[in-house]
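Colleague: Starting off with a structure, shown below.
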Amino acid sequence: MNKNIVCIGAGYIGGPTMAVVAKMNPDRKVVVVDINKSRIAAWNSKNFALPIYEPGLVDIVKEVRGKNLFFSTDIDKAIRECDIIFVGVNTPTKMFGRGKGRASDLQYWEATARNIKKIAKTPKIVVEKSTLPVRTAAAMEAILNSEDDGKFTVLSNPEFLAEGTAIKDLLNPDRVLIGGPQTPAGLAAVRAVVDIYRGQQGAWVPEKKILTTNVWSAELTKLAANAMLAQRVSSINALAGLCEATGADIEEVARVMGADHRIGPKFLKAGPGFGGSCFKKDVLNLVYLCESFGLHTAAEYWSQVIKMNDHQQERIVSRLFKAMFNTLANKKIAVFGFAFKANTGDTRETPADTVVRLLNEEHVRLAITDPKALDNAKKDLADIASDALAFVSDPYKAAKDADAVLVMTDWAEYPTLDWAKIYKSMRKPALVFDTRNCLDAVALRKLGFKVLNVGK
Ligand code: UDX
Ligand code: ADP
10 MNKNIVCIGA
20 GYIGGPTMAV
30 VAKMNPDRKV
40 VVVDINKSRI
50 AAWNSKNFAL
60 PIYEPGLVDI
70 VKEVRGKNLF
80 FSTDIDKAIR
90 ECDIIFVGVN
100 TPTKMFGRGK
110 GRASDLQYWE
120 ATARNIKKIA
130 KTPKIVVEKS
140 TLPVRTAAAM
150 EAILNSEDDG
160 KFTVLSNPEF
170 LAEGTAIKDL
180 LNPDRVLIGG
190 PQTPAGLAAV
200 RAVVDIYRGQ
210 QGAWVPEKKI
220 LTTNVWSAEL
230 TKLAANAMLA
240 QRVSSINALA
250 GLCEATGADI
260 EEVARVMGAD
270 HRIGPKFLKA
280 GPGFGGSCFK
290 KDVLNLVYLC
300 ESFGLHTAAE
310 YWSQVIKMND
320 HQQERIVSRL
330 FKAMFNTLAN
340 KKIAVFGFAF
350 KANTGDTRET
360 PADTVVRLLN
370 EEHVRLAITD
380 PKALDNAKKD
390 LADIASDALA
400 FVSDPYKAAK
410 DADAVLVMTD
420 WAEYPTLDWA
430 KIYKSMRKPA
440 LVFDTRNCLD
450 AVALRKLGFK
460 VLNVGK
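Our numbering puts the first residue of the sequence shown at 10, with every later residue one more than the last.
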């Protein structure tokens with residue numbers, strides 16, 4: 010068996026993961042392939058204008074690209090030349106037919122499996138990296154090994170990195186999970202993938218952090234972990250509404266709750282609700298799975314996590330509406346941040362999208378600003394493009410003559426802006442709705458702003 014690695018899918022998961030795999034395994038050749046030519050061109054661009062923004066990513070790509078990391082559109086050649094294939098293609102929520110709005114759309118994934126089968130002449134280890142419903146590995150195995158002799162071993166190696174901290178998470182993960190069939194061939198394949206994560210001469214992930222399970226446990230764990238985290242965000246947001254109604258302060262409540270070591274302080278930040286490519290998709294997947302197995306009460310339970318999240322964005326718009334005297338027509342709102350969280354340009358499922366669309370229906374003028382996500386914002390909102398929707402890279406310009414600033418993303422630079430200057434340039438009374446509770450509300454009030462926060 011050779012040590013070469015190919016990853017099919019050069020997206021948010023495949024790109025950063027393989028950059029770090031290549032860095033930590035200088036003795037292996039790593040090839041990342043994609044059907045999207047412009048994406049591969051961006052990964053290969055001379056000036057390192059990579060297709061995604063992730064702190065620290067560009068430095069690693071500079072270090073290894075052309076040495077042992079390669080980006081290519083020649084998928085078939087890459088499959089032929091390696092024995093370990095990671096699959097990181099997109100599996101969005103299905104928007105048609107059975108399981109519409111809940112199940113994963115597996116067409117890209119199945120096309121990939123069929124292509125691997127067509128091209129591969131020698132035995133291969135196929136490693137699932139995309140989030141897939143439980144038991145997909147079995148389906149992949151069935152496609153790959155149909156009319157064959159068990160040439161393919163399918164493993165599940167879900168990715169736990171969070172965007173914005175992907176490189177840190179990859180270099181120093183809490184755990185790596187590898188699920189494989191409990192057969193001699195399966196266990197050998199798991200060992201081969203463990204070796205990748207150990208890095209050359211064991212310099213990467215310590216053995217004790219590499220957890221191995223059967224395939225189905227691995228597949229389910231990814232959904233379960235994301236559903237638990239999403240549930241925590243919905244729970245804290247549900248409590249935030251109650252704080253606003255009663256005069257309690259969600260940050261105080263979270264601080265004290267988090268001091269209980271059984272609860273812990275992380276993931277207790279109230280805000281505009283969760284976004285990103287994983288949480289909603291994975292919870293919906295879990296709902297669909299529960300339903301398929303007749304576990305209707307469990308399905309309903311997890312659905313509430315999404316319902317609560319949607320409600321949070323509606324609540325934000327209602328509060329803004331009320332604070333702006335129940336009329337928004339012809340007023341101007343500057344939206345600070347469109348990315349689903351700080352340190353990423355990713356806008357998939359971002360709460361800002363929902364809020365902007367709700368506000369747009371009120372005929373308000375909107376100026377959207379974001380340090381990394383403005384291009385994605387323009388694409389996402391193309392269907393509602395009008396003179397009333399402006400994209401402005403300078404936050405000061407976005408806020409000029411505005412009636413309100415609506416902070417949707419907790420970018421580190423927002424608290425450091427010259428808020429006195431912003432106040433002067435706005436129409437009065439000037440409002441700041443800080444949905445991330447990331448600004449100094451006391452200082453803003455001193456400047457003359459009316460300030461709204463989530464959960465207080
Ligand atoms: C998540 C998981 O953390 C990661 O393990 C998995 O591999 C992919 O999904 P990601 O979506 O990149 O990662 O971001 P994460 O930091 O988990 O945040 C998700 C959303 O929850 C963001 O919109 C964030 O703003 C929100 N959030 C998070 C809160 O509103 N409050 C919190 O306390 C934490
Ligand atoms: P993720 O967040 O899961 O990484 P992305 O959408 O960022 O998802 O990336 C998935 C990538 O997979 C995209 O760049 C897409 O072009 C690629 N892709 C989808 N289907 C195939 C395929 N059959 N062969 C190669 N690449 C594919």
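Here a beta-carbon is modelled for each residue, glycine too, at the ideal position from N, C-alpha and C.
Which class does G24 belong to by DSSP, given the choice of helix, strand or coil?
Modeller: Residue state, collapsed to three classes: helix.
Colleague: Take L170 as the anchor and find which of T353, D449 and T418 has the nearest alpha-carbon.
Modeller: Measuring from the Cα of L170, the nearest candidate turns out to be T353.
Colleague: In angstroms, rounded to a whole number, what distance separates the CA positions of K55 and K38?
Modeller: Spanning the two alpha carbons is a distance of roughly 20 Å.
Colleague: Tell me the residue span of the alpha helix (DSSP H) that contains G195.
Modeller: Segment P193 to R207, the alpha helix (DSSP H) holding G195.
Colleague: DSSP state of T255, grouped into three classes?
Modeller: Note: T255 maps to helix in three-state DSSP.
Colleague: Kindly list the residues whose CB is nearer than 7 Å to the CB of I49, restricted to its own chain and excluding five residues on each side of it in sequence; keep chain order.
Modeller: For I49, where only same-chain residues beyond five positions count, the Cβ hits under 7 Å are A19, D43, F80, S81 and T82.
Colleague: Here's a check: name, in chain order, each residue in its chain whose Cβ is nearer than 8 Å to the Cβ of R324, leaving out the five neighbours to either side.
Modeller: The residues are G250.
Colleague: Between the C-alpha atoms of V202 and I94, what's the straight-line distance to the nearest angstrom?
Modeller: Their backbone Cα atoms lie some 10 Å apart in a straight line.
Colleague: Determine the extent of the alpha helix (DSSP H) in which N352 is found, giving its start and end residues.
Modeller: Unbroken run through N352: none, as it is neither H nor E.
Colleague: Alpha carbon to alpha carbon, how far is Y117 from G188?
Modeller: Y117 and G188: Cα-Cα distance of roughly 22 Å.
Colleague: Looking only at C-alpha atoms, which of F347, V296 and D269 sits nearest to S402?
Modeller: Residue F347 is the option with its Cα nearest to S402.
Colleague: Checking 8 Å against the spacing of the C-beta atoms, do M317 and S243 come in under that value?
Modeller: Yes, the pair counts as a contact, with Cβ atoms nearer than the cut-off.
Colleague: Does the pairing of the region 408-426 with the region 441-449 give three or more beta-carbon distances under 8 Å?
Modeller: Verdict: yes, contact present.
Colleague: Roughly how many angstroms separate the alpha carbons of E358 and A351, rounded to a whole number?
Modeller: When rounded, the distance between both Cα atoms is 14 Å.
Colleague: Could you check how far apart the C-beta atoms of V135 and V96 are, in whole angstroms? I think they sit under 8 Å.
Modeller: Right, the Cβ-Cβ distance comes to about 6 Å (below 8 Å), so this counts as a contact.
Colleague: Tell me which same chain residues have a C-beta within less than 6 Å of the C-beta of A376, skipping the five on either side of it?
Modeller: Hits under 6 Å: A343, A399, V401 and A407.
Colleague: Between the alpha carbons of G106 and T100, how many angstroms are there, rounded?
Modeller: About 15 Å.
Colleague: Looking at N45: is its Cβ nearer than 8 Å to the Cβ of I205?
Modeller: No, they are not a contact pair.
Colleague: Just curious, the beta strand (DSSP E) that R144 is in, first and last residue?
Modeller: Counting along the chain, R144 falls outside any beta strand (DSSP E), and DSSP gives it neither H nor E.
Colleague: Note the first and the last residue of the continuous beta strand (DSSP E) segment covering F80.
Modeller: Element bounds for F80: L78 to S81.
Colleague: Classify D396: buried if its beta carbon has 16 or more other beta carbons within 10 angstroms, exposed otherwise.
Modeller: By the 10 Å Cβ count, D396 comes out exposed.
Colleague: What are the start and end residues of the beta strand (DSSP E) that includes V344?
Modeller: Note, V344: beta strand (DSSP E), K341 to F345.
Colleague: So, are the CB atoms of P142 and N294 less than 8 Å apart?
Modeller: Yes, these two residues count as a Cβ contact at 8 Å.
Colleague: Is C287 a contact residue of ligand 1, with contact defined as CB to any heavy atom under 7 Å?
Modeller: Yes.
Colleague: Do you know how far the Cα of G75 is from the Cα of K465?
Modeller: In a straight line, the C-alpha of K465 is about 52 Å away from that of G75.
Colleague: Return the chain-ordered ranges of every alpha helix (DSSP H) run that is complete within the region 234-301 and spans a minimum of 4 residues.
Modeller: Those alpha helix (DSSP H) runs which fall completely within the region 234-301 and span 4+ residues are 259-267 and 288-301.
Colleague: Roughly how many angstroms lie between the CA atoms of N13 and P281, to the nearest whole one?
Modeller: Whole-angstrom Cα-Cα distance: 43 Å.
Colleague: Given 8 Å as the limit, is there contact between the region 325-344 and the region 366-383, that is, 3 or more CB pairs closer than that?
Modeller: They touch, by the three-pair rule.
Colleague: Quick one: is V265 buried, meaning 16 or more other Cβ sit within 10 Å of its Cβ, or exposed?
Modeller: So V265 ends up on the exposed side.
Colleague: Count the C-beta pairs between the region 220-230 and the region 273-280 that are closer than 8 Å, then say yes if the count reaches three, no if not.
Modeller: These segments do not touch.
Colleague: Report yes if the C-beta of E261 is less than 7 Å from at least one heavy atom of ligand 1; otherwise report no.
Modeller: Answer for E261: no, Cβ out of range of ligand 1.
Colleague: Out of L232, T192 and D379, state which residue places its alpha-carbon closest to the alpha-carbon of V292.
Modeller: The shortest C-alpha separation from V292 is found at L232.
Colleague: Can you have a look at L59 and say buried or exposed, based on whether 16 or more other CB atoms are within 10 angstroms of its CB?
Modeller: When all chains shown are included, L59 counts as buried.
Colleague: What's the call for V471, buried or exposed, on a 16-neighbour Cβ count within 10 Å?
Modeller: With the chain covering only 10 through 465, there is no way to say anything about residue 471.
Colleague: Closest by CA to N11, which one among R454, A198, V365 and V463?
Modeller: Out of R454, A198, V365 and V463, A198 has the C-alpha closest to the C-alpha of N11.
Colleague: In this structure, how does DSSP classify D443 when only helix, strand and coil are distinguished?
Modeller: Strand, per DSSP.
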